[in-house]
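In the order they appear, the protein sequences are chains A and B. Last residue of the first sequence: 335 (UniProt numbering), numbering continuous. Last residue of the second sequence: 335 (UniProt numbering), numbering continuous. The structure under discussion appears below in the form of structure tokens.
2 protein chains.
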Amino acid sequence: MSTTISYAELVGLLEEIFLRHGTDKVAASILAENCAMCERDGAHSHGIFRIRGYVDSLSTGWVDGRAIPEVEDIAPSFCRVDASNGFAQVALAQARDLAVSKCRQTGVSVLAIRNSHHLSALWPDVEPLAREGLIAISTVNSFACTVPFDGKSPVFGTNPFAFAAPLEGGDPIVFDLATSAMANGDVQIAARKGHALPPDSGVDKNGKPTNDPQAVLDGGALLTFGGYKGSSISMMVELLGAALTGGHFSFEFDWSGHEGAQTPHTGQLIILIDPSRAAGESFDLRAHTLIAAMQAAGVSRLPGQRRAEIRAQTLQNGIPITAEDLASLRTLAIA
Amino acid sequence: MSTTISYAELVGLLEEIFLRHGTDKVAASILAENCAMCERDGAHSHGIFRIRGYVDSLSTGWVDGRAIPEVEDIAPSFCRVDASNGFAQVALAQARDLAVSKCRQTGVSVLAIRNSHHLSALWPDVEPLAREGLIAISTVNSFACTVPFDGKSPVFGTNPFAFAAPLEGGDPIVFDLATSAMANGDVQIAARKGHALPPDSGVDKNGKPTNDPQAVLDGGALLTFGGYKGSSISMMVELLGAALTGGHFSFEFDWSGHEGAQTPHTGQLIILIDPSRAAGESFDLRAHTLIAAMQAAGVSRLPGQRRAEIRAQTLQNGIPITAEDLASLRTLAIA
């Protein structure tokens with residue numbers, strides 16, 4: 001049975017859940033909004049589906065929901081945050097103004113977050129920066145579940161790469177792609193629904209190609225998207241997300257003592273560029289020219305457009321949710 | 001019949017060709033070294049195979065081999081170059097020290113080159129920066145030959161994305177990948193040799209999938225690598241390489257009046273990051289840890305390793321070249 005919930009109501013409910021399971025108010029507010037945004041925009045693999053993972057990560061003491069991030073102002077265009085074993089989104093919120101101000105002053109800036117946990121999509125981190133007129137690139141590594149091209153066992157995470165840029169007369173251009181063939185959340189959802197995976201997505205525990213999501217989850221692994229090219233980009237995400245931030249590589253942390261924990265303990269890099277420093281016509285107008293050419297070539301759905309469309313619908317009509325899911329959330333908020 | 005030529009001799013010969021066809025000494029030296037490096041490293045699609053394209057682009061007046069790049073110091077971390085319708089590599093050489101110095105002072109810098117021509121691989125631009133201890137990312141757009149995902153006609157170029165980073169105890173980690181399914185040079189080489197293209201590489205002039213390289217070249221187009229994900233990255237390359245630099249998009253310039261011209265008139269972006277600003281163990285040591293994990297997982301050939309191996313061979317034994325190619329080059333150097 002399906003019902004709907006308003007965005008504000010969902011944020012409030014998720015906030016209660018986070019508070020109930022050990023975060024402080026700041027973290028509860030940031031994470032609730034982040035998770036509700038994913039559900040609102042139809043990004044189900046990072047929406048309320050993830051709440052169990054957040055709760056178990058918190059209750060086993062794997063992640064610190066009350067961590068105070070320490071911002072380090074390193075150089076005119078470089079800042080770092082030690083997330084203190086807390087959530088990357090909380091660290092980002094803490095350092096965001098500094099990184100933006102450095103970017104506006106110098107033309108570009110880097111924000112390197114380490115000792116942090118990230119269980120959400122990346123687009124909620126970059127899209128708001130593009131709404132302020134900046135170009136934002138972000139990478140975050142995760143946990144070893146993806147086999148490098150030409151390798152036999154997992155080393156990389158799903159290692160998303162996200163990009164956002166301002167667009168004249170419209171929502172920012174945003175994409176957020178797993179450099180694995182699929183996102184982990186989508187594998188879990190396929191397993192739950194009994195759907196087969198597309199070809200070239202994963203291997204079973206013996207390293208054999210499989211389209212069975214459960215076989216991937218039971219000791220198997222994902223492949224990278226686009227063969228050796230996706231593998232190279234995934235390697236870059238490890239280098240930027242972990243080596244450059246001072247965080248863990250996807251294969252370096254051991255959460256085996258924290259059963260049910262799902263938040264990878266790694267790092268996140270954000271690069272900001274101020275397009276007002278560019279030569280020629282304004283960047284957002286130029287971006288519009290490119291988008292118009294893509295549409296003229298027959299592209300019917302731009303990167304991020306599906307999310308924007310669903311968002312418009314759910315903000316008006318409410319976010320669809322099953323009665324069962326809603327009951328589970330309400331239980332988690334009090335127990 | 002095959003012979004060999006030393007790297008130094010090849011550089012000298014190519015320099016004569018460039019000088020003979022209208023470049024100044026600076027451009028001749030930079031382009032000759034760049035092209036010889038590609039041939040030396042087995043990157044044949046960007047080696048002497050490209051000389052005809054350079055020569056025709058110069059002799060038809062499409063590119064200015066004597067252009068003086070104008071470097072613009074815009075902000076503490078942002079510099080631009082107007083390549084004045086010359087070669088991007090010459091513009092890069094002119095602005096390189098400024099960009100590196102900005103990166104060392106502020107932690108990160110951006111070099112935006114516009115009004116420039118680039119017909120080579122991107123790795124020769126980024127690898128030397130990693131040898132100086134910096135992380136370098138570069139994108140350059142090219143000419144409309146690649147269909148966006150979900151589109152029907154070409155908008156994007158082959159739009160390479162290159163990355164280089166220092167590695168403890170070894171050559172830098174370098175990759176340089178076309179975001180199209182193949183590089184144009186490789187399609188041309190396949191056509192010349194009569195080889196079929198791999199599946200999902202291109203379409204013919206009617207938009208139908210084909211594995212015939214000649215059909216792709218005769219009014220057809222390439223597809224992006226990795227479906228919609230590669231298409232998103234290719235779109236990003238247009239935005240960074242053109243919109244952010246002030247250069248042309250791949251679909252914006254008209255070289256129809258310059259028959260034989262092959263140098264795309266676009267822009268190039270380079271992002272430099274100083275990893276000495278990172279927290280924790282030094283970046284190059286951390287990079288070594290990642291590479292070791294990839295090798296332990298069975299990866300036998302790392303990104304860039306094939307080039308390094310061929311380089312070691314050809315520097316010792318000379319660069320293989322057919323007598324016919326050598327004769328053509330010698331003719332071009334005097335006629």
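Beta carbons are placed, not taken as given, at the ideal position from N, Cα and C, and that holds for glycine.
- Ranking B/I5, B/S120, B/D64 and B/D97 by CA distance to the CA of B/E132 puts B/D97 first.
- Unbroken beta strand (DSSP E) runs of no fewer than 3 residues, entirely contained in the stretch 178-238 of chain A, are found at 221-223, following chain order.
- Residues of the same chain with a CB within less than 7 Å of the CB of A/G53, apart from the 5 flanking positions on each side, are L119, Q262 and T263 in chain order.
- The beta carbon of A/E309 sits no closer than 9 Å to any beta carbon of chain B.
- Linking A/F225 to B/L19 through their CA atoms gives a straight-line distance of about 44 Å.
- Scanning the stretch 231-308 of chain B from its first residue to its last, the whole beta strand (DSSP E) runs of 3-plus residues come out as 265-273.
- Using a Cβ-Cβ distance cut-off of 8 Å, the stretch 197-211 of chain B and the stretch 222-240 of chain B are in contact, since at least three pairs of beta carbons, one from each stretch, lie closer than that value.
- Sorting B/T146, B/V155, B/R311 and B/D82 by C-alpha distance to the C-alpha of B/N184 places B/T146 at the top.
- A check of alpha carbon separations from B/A91 across B/G107, B/H117 and B/S77 identifies B/H117 as the nearest.
- A distance below 6 Å between beta-carbons, with the five flanking residues on each side excluded, links B/T139 to the following residues of its chain, in chain order: F161, V237, L240, G241 and L269.
- In this structure, DSSP gives A/C145 a state outside helix and strand, which the three-state scheme calls coil.
- Interface flag for A/Q316 against chain B is unset, since no Cβ pair is found closer than 9 Å.
- Ranking B/T314, B/F249 and B/H258 by CA distance to the CA of A/H288 puts B/F249 first.
- Within a 10 Å sphere around the beta-carbon of A/E15 sit 16 or more other beta-carbons, which makes this residue buried.
- Each of A/G42, A/A27 and A/G227 was checked against the Cα of A/Q94, and the nearest Cα belongs to A/A27.
- Note that the C-beta distance between B/C79 and B/A112 is below 9 Å.
- According to the DSSP assignment, A/A95 belongs to the alpha helix (DSSP H) that extends over A88 to T106.
- Chain A places a beta carbon closer than 9 Å to that of B/P303, counting this residue as a contact.
- Judged by their CB atoms, A/S153 and A/G207 are nearer to each other than the 9 Å cut-off.
- With 16 or more other CB atoms across the displayed protein chains lying within 10 angstroms of its CB, B/S77 is buried.
- For A/F18, the enclosing alpha helix (DSSP H) starts and ends at Y7 to R20.
- B/M1 sits exposed, since fewer than 16 C-beta atoms from the chains shown fall within 10 Å of its C-beta.
- Ranking B/G170, B/S109 and B/H21 by CA distance to the CA of B/I273 puts B/S109 first.
- Sequence-ordered contacts of the stretch 201-227 of chain B with chain A read F225 and G226 [C-beta pairs closer than 7 Å].
- Shown here, B/E132 sits in coil according to DSSP, grouped into three states, outside any helix or strand.
- Pairing A/D73 with A/V81, the inter-Cα distance amounts to about 9 Å.
- Contact between the stretch 166-181 of chain A and the stretch 119-128 of chain A is established, with three or more Cβ pairs separated by less than 8 Å.
- At a C-beta separation below 7 Å, A/V63 has no neighbours in chain B, since its nearest C-beta there lies roughly 19 Å away.
- Distance between A/T3 and A/G47, taken at the CA atoms: about 16 Å.
- By the neighbour-count criterion, in which a residue is buried when 16 or more other Cβ atoms sit within 10 angstroms of its Cβ, B/D64 is buried.
- In chain order, G260, A261 and Q262 place their CB closer than 7 Å to the CB of A/D56, counting only its own chain and leaving out the 5 sequence neighbours on each side.
- If you look at B/E72, you'll find it in the beta strand (DSSP E) that goes E70 to A75.
- Take the alpha-carbon of B/A191 and the one of B/A181: they are about 16 Å apart.
- Here A/H117 carries a strand assignment [DSSP, helix/strand/coil].
- Rounded to whole angstroms, the gap between the alpha carbons of B/L58 and B/L122 is 21 Å.
- Secondary structure of A/N159 (DSSP, three-state): coil.
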